[in-house]
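**Student:**
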Amino acid sequence: MRLRTALRLPAGVRRCLSALCLAASVCAAAGAQDDTQTLLRELQQEVQQLRAQVERDRTAIETRQTDLEQRVRTRGEEAFSRIESLEGTEAELQRQLELRVPSYDALPQSAAQELADGLSLTERLENLIIFHGYLRSGFGSNGRGGGQDPFQAPGAPAKYRLGNEADTYGEIIFDKEWSPDRKKPQFRGEVMIAFQTRQNDTFDVDNDVYLVREAMVEAKNFAIAPDWVWWAGQRYYDRHDIHINDFFYLDMSGYGGGVREIDLGCCTLDIAYLGGSLEDVITHRGVLTGHHLDMRLQDVPAPFGRAILWLDLAIRPGGDLPDARRVENSRGAAGGVIHIVEDVLGGFNKAALLHGRDAAASFSTSLSDPFTTLDATRQTLAAEVLTVQPADWLSMQMAFVWRSVENDSIPDSRVVWTSGGLRPILHLTEYWALAFEYGADHVDNDNLGVAGTLQKFTIAPELRAGNQFFSRPSLRAFCTYAVWPEQFEGLVGGPAYAMSTDGFSMGCQVETWW
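FYI, the numbering for the sequence shown is -32 to -1, 1 to 482, going by mature numbering (1 follows the signal peptide of the UniProt record, and there is no 0).
Structure below.
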């Protein structure tokens, strides 16, 4: 009690002390708040710096990724281009090694490998020659034990071919590319040798025929027009045909040069100068020659598909022969449209309507009888071919042709050919099939004074490399029966059926392309 009394302060002093304590507390709190704000600002600055660093790192990573992707894409394109050029590289490399070594088969494996290792990839590409072609061959007999003769209507330019081909025919093709680098101008050459022989003695060379069908070079990928394809030489030129009767209704193959794939935006343009000659007909102008300016618009947009528009301007200068005969001058034009519909029941449909007159009436560069007045000649043609594969076990091609040829300067020269046929194939397995073919050719031939219809039926079991209509090779046996009217007696079936109105043949055949 005495202590409390001794420490008791006056009321005024106690109030002053309380006020001082409160002020000190407020100052301390204010100082702590300032420190907190400073710390927050520092933390915000650090966060902003970290965000900026992360953004810089992300940008650097994206730039690096883009650069790597571009490098990978570029190298992938280069590798793919090289792979495209290396079709059958290993086999073709062996062909090149054979050229270097007289007897490649006699080399030990180590020596062959050493030679292969000595060739760089560029050398392999530059020396690569690609081999491909077409071949059919077989043997058949007529129903009387003699040799097979085809059944073809008189005046018809084609016949339905399954079990109805009595020859060996082939096309041997060699392709050569000089520029393996796809970024540089590309050059490609092609040589084709065709051969044909009848079913005679293996060494019967007197009846063998050998022809050069192609000898040309293409060039493309030039900076001035990278998509244009320049060419010159002899070549098959954009031919259009029907497979089941081997009828090429537009075939301007020949000698010349031109440019293909000129981009017009909606389509492309092909222009070519083409020609042919008859070396055994020589006038005061020289060898009789035909000249053609062929122009085609490709991939023209059309209902349900695309179209090809064709125009041919032709001239055949005539002249005087040493024996006083004369070949008349001839000019002409031809044109037409080919309509293509793709992806029809697993196949395609192609329809054509063509008309030509005078020097362009043949739809080809070949020259006919030079003493025929071409300025009175005309041809009209309509054709359609449908190839389908509605199921794995069934494929088929159907065809129709109507063709009229006439020369007003020759009496009774009109020949009208109407043709229809189909070849269904039952694919029993992936490799075994049963093929049927029916074809009817009706001919009104004023020149021969006959009119009638030839019908042909064929059944052919096949061993084939796949279950598509165009799968090849195809090894087949066949039986063929044909019937025709009395007006065609002596004009169909060869000597065995000269006095008959029907005939039979059987045999075997292989057909392939590669």
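Virtual Cβ for every residue (Gly too), placed ideally from N, Cα, C. Just so you know, these numbers come straight off a predicted model, no measurement behind them.
Looking at C-alpha atoms only, which residue of 185, 439, 203 and 267 is the closest neighbour of residue 156?
**Tutor:** Among 185, 439, 203 and 267, the Cα nearest to that of residue 156 belongs to 185.
**Student:** To which residues does DSSP link residue 275 through a beta bridge?
**Tutor:** DSSP, once it has assigned bridges, lists 268 and 307 as partnering residue 275.
**Student:** Give the DSSP-derived three-state secondary structure of residue 418 in the structure shown.
**Tutor:** Of the three classes helix, strand and coil, the one that applies to residue 418 here is strand, per DSSP.
**Student:** Quickly, what does DSSP pair residue 141 with across the bridge? List them, please.
**Tutor:** According to DSSP, which records beta bridges pairwise, residue 141 is partnered with 100 and 160.
**Student:** Kindly indicate which residue of 264, 142 and 110 has the alpha-carbon position closest to the one of residue 235.
**Tutor:** Selected option, being the one with the closest Cα: 264.
**Student:** Would you tell me roughly how many angstroms separate the C-alpha atoms of residue 466 and residue 452, rounded to the nearest one?
**Tutor:** Whole-angstrom Cα-Cα distance: 12 Å.
**Student:** Between residue 106 and residue 473, which are expected to be in contact by the criterion C-beta below 8 Å, what is the C-beta distance as a whole number of angstroms?
**Tutor:** The Cβ separation is near 11 Å, so there is no contact.
**Student:** Taking residue 198 as part of the beta strand (DSSP E), name the residues at either end of that continuous run.
**Tutor:** Element bounds for residue 198: 193 to 203.
**Student:** Contact check, residue 364 vs residue 335 under 8 Å by CB: the rounded distance?
**Tutor:** Rounded, the Cβ-Cβ distance is 38 Å, inconsistent with contact.
**Student:** Between the segment 120 to 135 and the segment 400 to 415, can you find at least three pairs of beta-carbon atoms closer than 8 Å?
**Tutor:** Verdict: yes, contact present.
**Student:** So which of 396, 461 and 418 has the shortest CA-CA distance to residue 384?
**Tutor:** Nearest of 396, 461 and 418 to residue 384, Cα basis: 418.
**Student:** According to the neighbour-count rule (16 or more other Cβ atoms, all chains shown, within 10 Å of its Cβ), is residue 250 buried or exposed?
**Tutor:** Per the 10 Å Cβ criterion, exposed.
**Student:** Hey, residue 294 and residue 324 are a contact pair by Cβ (cut 8 Å); roughly how many whole angstroms apart?
**Tutor:** About 24 Å; that fails the 8 Å criterion.
**Student:** Please report how far the alpha carbon of residue 446 lies from the alpha carbon of residue 333, in whole angstroms.
**Tutor:** The straight-line gap from Cα to Cα measures roughly 35 Å.
**Student:** Is residue 204 near the ligand FAD, going by C-beta to nearest heavy atom under 7 Å?
**Tutor:** Among the components modelled here there is no ligand, and therefore nothing to report on the ligand FAD.
**Student:** Hey, residue 240 and residue 219: beta-carbon distance below 8 Å or not?
**Tutor:** Going by C-beta atoms, residue 240 is not nearer than 8 Å to residue 219.
**Student:** What residue range is occupied by the uninterrupted beta strand (DSSP E) comprising residue 446?
**Tutor:** Note, residue 446: beta strand (DSSP E), 442 to 451.
**Student:** Taking Cβ to Cβ, would you say residue 188 is nearer than 8 Å to residue 180?
**Tutor:** No.
**Student:** Relative to the C-alpha of residue 483, which residue among 437, 114, 469 and 442 is closest?
**Tutor:** Nothing about residue 483 can be reported from this structure: the residues present for the chain run from -32 to 482 only.
**Student:** Let's see if you can read the secondary structure: which residues bound the beta strand (DSSP E) around residue 223?
**Tutor:** Here the beta strand (DSSP E) through residue 223 covers 222 to 231.
**Student:** Which of helix, strand or coil does DSSP assign to residue 358?
**Tutor:** In this structure, residue 358 counts as strand in the three-state DSSP scheme.
**Student:** In chain order, what residues of the same chain have a beta carbon less than 6 Å from the beta carbon of residue 301, not counting five sequence neighbours either side?
**Tutor:** 281 and 328, listed in sequence order.
**Student:** Taking the beta carbon of residue 212 as the centre, do at least 16 other beta carbons fall within 10 Å, making it buried, or is it exposed?
**Tutor:** The residue in question, residue 212, is buried, as its Cβ has 16 or more Cβ neighbours within 10 Å.
**Student:** Could you name the residues that DSSP lists as bridge partners for residue 135?
**Tutor:** In DSSP, residue 135 forms a bridge with 166.
**Student:** On the DSSP bridge list, what partners appear for residue 318?
**Tutor:** For residue 318, which the question treats as bridged, DSSP gives the partners 308 and 353.
**Student:** So which of 166, 151, 153 and 104 has the shortest CA-CA distance to residue 138?
**Tutor:** It is 104.
**Student:** Out of 326, 406, 314 and 140, state which residue places its alpha-carbon closest to the alpha-carbon of residue 284.
**Tutor:** For the residues 326, 406, 314 and 140, the minimum Cα distance to residue 284 belongs to 326.
**Student:** Could you tell me which residues DSSP puts in a beta bridge with residue 287?
**Tutor:** In DSSP, residue 287 forms a bridge with 295.
**Student:** Starting from residue 404, trace the beta strand (DSSP E) both ways and give me its first and last residue.
**Tutor:** That run of the beta strand (DSSP E) goes 400 to 413.
**Student:** Which class does residue 31 belong to by DSSP, given the choice of helix, strand or coil?
**Tutor:** Helix, per DSSP.
**Student:** Going straight from the alpha carbon of residue 101 to that of residue 420, what length do you get?
**Tutor:** Taking the straight line from one Cα to the other gives about 37 Å.
**Student:** Could you spell out the range, first to last residue, of the beta strand (DSSP E) harbouring residue 218?
**Tutor:** Run containing residue 218: 215 to 218, per the beta strand (DSSP E) assignment.
**Student:** So what's residue 463 in DSSP terms, helix, strand or just coil?
**Tutor:** DSSP places residue 463 in helix when its eight states are reduced to three.
**Student:** On the DSSP bridge assignment, give the partners of residue 241 in chain order.
**Tutor:** Note: residue 241 sits in a beta bridge opposite 225 and 261.
**Student:** Opposite residue 209 in the DSSP bridges: which residues?
**Tutor:** Answer is 216.
**Student:** On the CB-based measure, 16 or more other CB atoms within 10 Å of its CB, does residue 486 come out buried or exposed?
**Tutor:** The structure shown has nothing for residue 486, since the chain only spans -32 to 482.
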